[in-house]
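Data first, discussion second: the structure below is written as structure tokens.
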Amino acid sequence: MAILTYRALSFLCFAGVVAFCLWLFLTPTGYSSLIVIVAVIASLTLCLLYWGSSGEGPLWTAAEVPAQVPRVLIVVLACLGFQLGAGAGVLSLELPINLLTLTALTLTTWVGIPAVALITGFVRWPHRTRTPSRRDLLIVSSVALLIGAAVFFLRMVPLQDTVPQRLPGGLLADTTVTFVAAAAEEVVFRVLLLTALLSATGSRLQALVLSSTFFAIVHVPLDLAGPLLALEWQVMADGIVALAPSLLMKLGVGFLLGAVWLRTGSLILISLLHFMGNFGPVLAAGYLILGA
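Printed below as a string of structure tokens:
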């Protein structure tokens, strides 16, 4: 029954992604080029996922008892609820919302809560069952890092006329915080959730579709936290439409990171890729005048 449920959910997620892409393509939103970019990422992802996979078992396996998928989902929902609730508390107390506040809240949420869940045994760290060949690791890492570099550059381009907001002395701190936050998300969504889904479904494709879709959806309320907490429904509705390209990009990135995790089992590599995607805007907006 559980396998059929996961299969049905995978089909619904896949159908939803296709419908979402068709909507973006057919409506005059100007997002057609983005669909092409994500399609290329998805194609490369599938190549990474299936390349040389015949006869090979998973690199990591999740604990069978207790079932890990529902427990990891509870942790993710707890993180989401805590971050939104704490944000609402900050607003109600009229405390200043600045970079320091947001950084502290993000790290407390996505590092602290999963750490407590792991330490208490509520969720369990998966077991390493084998290591990839050096050839697999080299090829997959090279392709993934090239894509990561492209995403890093593409996310910097829209900010090419931005005036620096930070002093260069803060670069090390921002680099560290961005990497830690990226690594924390990878632990939750790839190491714990994707691995648990793989063990539960027995299908890498189903696990990848489910985890990537969930990864993208979870970011929607976080990206709309301002109007959501202020109960500005019209602003939030407009924001959902404006976030469409970002949501699609997160789907593509989720597929890429998930495939790299399944093919290499390297937390360092997927954390680095995630960091590269996140740090482009930080670097451009905080320190560089790219248009100068």
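With the first letter of the sequence shown counted as 1, position 163 gets the number 387 in the working numbering; the numbers rise by one all the way through. All residues carry an ideal CB built from backbone N, CA and C; glycine is no exception. Note that the structure is predicted; figures quoted are calculated from it, not measured.
Quick check on the burial criterion: 16 or more other C-beta atoms within 10 angstroms. Buried or exposed for residue i?
i	result
I343	exposed
E410	buried
H498	buried
C271	exposed
W247	exposed
P282	buried
A339	exposed
F377	exposed
V375	buried
M500	buried
W284	buried
L214	Outside the displayed span of the chain (225 to 516) sits residue 214, for which this structure offers no information.
I492	exposed
G345	exposed
L317	exposed
V415	buried
L362	exposed
Would you report the Cα separation of residue i and residue j, rounded to the nearest angstrom?
i	j	result
P356	T325	40 Å
V484	S495	11 Å
L422	A226	13 Å
S436	L467	17 Å
L233	G489	25 Å
V289	L434	21 Å
L308	T402	20 Å
V210	R487	Because the chain in this structure spans residues 225 to 516, residue 210 falls outside the shown range and cannot be described.
P350	V299	16 Å
L236	A286	24 Å
V242	P445	22 Å
F238	T400	35 Å
R295	F306	16 Å
F249	L417	31 Å
A431	S366	24 Å
V260	S267	10 Å
V387	T327	Confidence at V387 is low in this model, with a pLDDT of 46, below 50, so its placement is unreliable and the value that follows should be read with caution. If you take the alpha carbons of V387 and T327, they lie about 21 Å apart.
A424	A373	33 Å
A312	H443	17 Å
R358	V314	49 Å
State yes or no: is the C-beta of residue i within less than 8 Å of the C-beta of residue j?
i	j	result
A341	V347	yes
F439	G478	yes
Q292	A420	yes
T331	A397	One point to set straight first is that residue 331 is Leu, not Thr, in the sequence displayed. No; because the gap between Cβ atoms is not below 8 Å, this pair is not in contact.
Out of the options, which has the shortest C-alpha to C-alpha gap to residue i?
i	options	result
L304	L317, L448, L429	L448
L228	V296, G426, G240	G426
L297	A431, F413, L491, H443	F413
E280	L378, V289, R354	R354
G476	A368, Q307, F306	A368
A310	L329, A405, L301, P294	L329
C245	L417, G345, L301, L471	L471
I546	R428, G240, V415	Residue 546 is absent from the model: the chain starts at 225 and stops at 516.
R428	G482, R359, T327	G482
T333	S316, A302, A424	A302
For a test of your reading of the model: does the CB of residue i fall under 7 Å from any non-hydrogen atom of the ligand MG? Yes or no.
i	result
F346	Because no ligand of any kind appears in the structure shown, any question about the ligand MG cannot be addressed here.
Curious, which full-length alpha helix (DSSP H) runs of at least 4 residues does the stretch 389-420 contain?
Annotation: the stretch 389-420 contains the following complete segments of the alpha helix (DSSP H) (minimum length 4 residues), in chain order: 395-410.
At 4 residues or longer, and completely inside the stretch 276-364: list those alpha helix (DSSP H) runs for me, N to C.
Runs of the alpha helix (DSSP H) inside the stretch 276-364: 292-316, 323-331, 337-343.
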